[in-house]
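So the working numbering is basically just the index in the sequence shown, starting at one, shifted up by 33.
To keep things clear, I will list the structure first and then write my remarks on it.
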Amino acid sequence: MNIKRIEQLQIALQKNPTDPFLAYAITLELLGANDEFCLASFRKLLIDFPDYLPTYYQAALLFSNHGFIEEARSTFLLGIEKTKATNNVKGLQELKNTLANFEAEQDQ
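Right, here's the structure in full:
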């Protein structure tokens with residue numbers, strides 16, 4: 034966690050509240066240090082900026098790591114659906130592979 038970077042991102046977010054990258058970047062900076070904030074932030078990003086695709090991967094992983102299994106699964110699936118719609122082949126493959134690994138872990 035880089036406090037200086039977080040402060041810079043927060044200032045930028047105040048100036049540009051409709052830029053999903055800024056809220057996403059703050060959330061990533063706080064992963065592991067403040068997961069409760071990150072869970073809430075990812076949920077808000079998914080609602081406020083449903084077309085910001087990077088959120089789906091990171092949010093689903095965090096949901097899974099905190100035991101929100103159905104929320105993780107639905108986030109992966111929605112991310113796959115949205116990624117297909119944009120023809121983002123690399124993002125689609127990453128989400129599909131991670132979902133497959135997630136499902137395999139759930140079967141154990």
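For every residue, glycine included, the Cβ atom is placed at its ideal position computed from N, Cα and C.
By the neighbour-count definition (other C-beta atoms within 10 Å, threshold 16), Lys115 is a buried residue.
Under the three-state reduction of DSSP output, Gln141 falls in the coil class, being neither helix nor strand. Nearest C-alpha to Glu136 among Ala105, Lys123 and Ile113: Ala105. Counting along the chain, the unbroken alpha helix (DSSP H) around Thr108 starts and ends at Ile102 to Ala118. Cβ-Cβ separation between Ile59 and Leu42: approximately 5 Å, consistent with a contact (criterion under 8 Å).
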